[in-house]
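Below is one structure; the comments refer to it alone.
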Amino acid sequence: MNLIPDQPPTLLYDLPRALDLQREPQNKSRSAPASFFNSTFFFQDNAALEWQLFLTIQEPGTIILTVLYSISFLVGFFGNVMSLKVLLGQHGSMRLSGASATRCLLINLAVCDLAVVCVCMPVTLGHRIYTPWVYGDFLCRAVPFTQAVSVSASVLSITVISISRYYAVHSPLQSRAYFTRRRILASVTIVWLVSSVICMPVAIVTRRDEVALIEGLTIVLPVCGEVWPQPRLRQAYNVLLFSALYCLPVGFNLTLAFLTFKTQPRLPKMLHSNMPPHIYVTVLEDLHNTAQMYTQRKKV
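Residue 255 in the UniProt record's numbering sits at position 255 of the sequence shown; the count goes up by one each step and never skips.
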């Protein structure tokens, strides 16, 4: 359909402002104010105008971002796949429960990274190249939720790893009883459940909406963003995320580091040598197992 108006429409297109329109509790289809248009475009159909307005592949910023995203995707994907291959192939070589616990948590970290790399990065780059949200309401909710859950699970997994390493240094012989396979799997499950609960509001308030750019013409911009009932709720939720996923984990890990440093002078002298941590933990366990075997033989 060719549309040739007597006078070309005057456009004042401001995408950030158009994205902000969806936060206002109005009708689903809205029109941008006339004051939002300050550039003149001559066009023969809506498709050509939309292509000219929304495609950003020729912009220098988009080109640089595409190159960086492509490199990050390749490094993140193949790096985490190789990490999973190495970690999943160490069942027979790892003897200590502490090392096994760390391996399981590192596998969980790799899964979190792959979720961001495979789900969030391609959609984010595609949305950057072509501004309208063409991926539907499901991905509009799923992509930010997946990203938030993955980041939260990564932070909590690192915290659990810190606890595991603290016990491996503070009580190396008792760490086997602390970090059994069942407890580690339970910890990973709790990490994902807590992350999902914390990030659930992201999936609830994020939605796909439409903004009409030119009154009288069928040019509609699909957008995806957060729509909060009240601005204070958004502020409170951001404070909650900052406290739960930054302040508390950082403070907790710093406390464990201080306790580990404080406990270090009381460890055996070989802990102060250049021997790697996993080696001296192995030596301590071998000594413990040898002592148990000697005690059993003596009883017989």
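A virtual CB, placed ideally from N, CA and C, is assigned to each residue, including glycine.
{"Item": "Segment limits, beta strand (DSSP E) that includes Val223", "Value": "220-226"}
{"Item": "Bridge-paired residues (DSSP) for Arg207", "Value": "Gly225"}
{"Item": "Closest by C-alpha distance to Val117, when choosing among Gln58, Gly79, Asp209, Leu254", "Value": "Gly79"}
{"Item": "Segment limits, alpha helix (DSSP H) that includes Phe73", "Value": "60-88"}
{"Item": "Rounded straight-line distance, which links the Cα of Tyr237 to that of Gly92", "Value": "Note on Gly92: pLDDT 45, under 50, position unreliable in the model; the coordinate value appears next. One C-alpha to the other measures close to 45 Å."}
{"Item": "Per-residue DSSP class, three states only, for Tyr178", "Value": "helix"}
{"Item": "Enclosing alpha helix (DSSP H) for Pro144 [first to last residue]", "Value": "136-170"}
{"Item": "For Val194, the nearest candidate out of Asn253, Ala257, Ala244 (CA to CA)", "Value": "Ala244"}
{"Item": "Inter-residue Cα distance where the pair is Val250 and Pro231", "Value": "28 Å"}
{"Item": "Inter-residue spacing [alpha-carbon to alpha-carbon] between Ile158 and Leu106", "Value": "9 Å"}
{"Item": "Limits of the unbroken alpha helix (DSSP H) element including Thr124", "Value": "121-129"}
{"Item": "Cut-off 8 Å between Cβ atoms - residues of its own chain near Val191, not counting five sequence neighbours on either side", "Value": "Asn108, Ala153, Leu156, Ser157, Val160"}
{"Item": "Counted within 10 angstroms of its Cβ, other Cβ atoms place Pro60 as buried (16 or more) or exposed", "Value": "exposed"}
{"Item": "Through-space distance from Leu74 to Val67, alpha-carbon basis", "Value": "11 Å"}
{"Item": "Nearest residue (CA-CA) to Val239, options Cys112, Gly126, Cys199", "Value": "Cys199"}
{"Item": "Span separating the alpha-carbon of Gly225 from that of His170", "Value": "47 Å"}
{"Item": "Residue burial classification, Phe179 (beta-carbon count within 10 angstroms, cutoff 16)", "Value": "buried"}
{"Item": "CB contact flag (Leu162, Leu256, <8 Å)", "Value": "Residue identity differs from the one stated: residue 162 is Ser in this sequence, not Leu. The answer is yes: Cβ separation under 8 Å."}
{"Item": "Gln235: first and last residue of the uninterrupted alpha helix (DSSP H) it sits in", "Value": "231-242"}
{"Item": "Close beta carbons around Val143, own chain, < 7 Å, minus the five adjacent residues each side", "Value": "Val119, Cys120, Val123"}
{"Item": "Cβ separation of Asp113 and Gly76, assumed to be a contact under 8 Å, to the nearest whole Å", "Value": "6 Å"}
{"Item": "Proximity winner among Arg208, Leu241, Gln235, relative to Ser196 (alpha-carbon distances)", "Value": "Leu241"}
{"Item": "Spatial distance of Cys140 from Thr56 (CA atoms)", "Value": "20 Å"}
{"Item": "Close beta carbons around Trp228, own chain, < 6 Å, minus the five adjacent residues each side", "Value": "Val205, Arg234"}
{"Item": "Beta-carbon spacing of Ala148, Val202 below 8 Å", "Value": "yes"}
{"Item": "Chain-order list of residues whose beta-carbon lies under 8 Å from that of Phe54 (same chain, five-residue window excluded)", "Value": "Tyr130, Thr131, Pro132, Leu221"}
{"Item": "Proximity of Ala101 and Ser150 at Cβ, strictly below 8 Å", "Value": "no"}
{"Item": "Cα-Cα separation between Met270 and Asp137, rounded to whole angstroms", "Value": "Interpretation of Met270 is limited by its pLDDT of 48, a score under 50 that renders its predicted location unreliable; the figure taken from the coordinates is listed afterwards. The alpha-carbon atoms of Met270 and Asp137 are separated by roughly 59 Å."}
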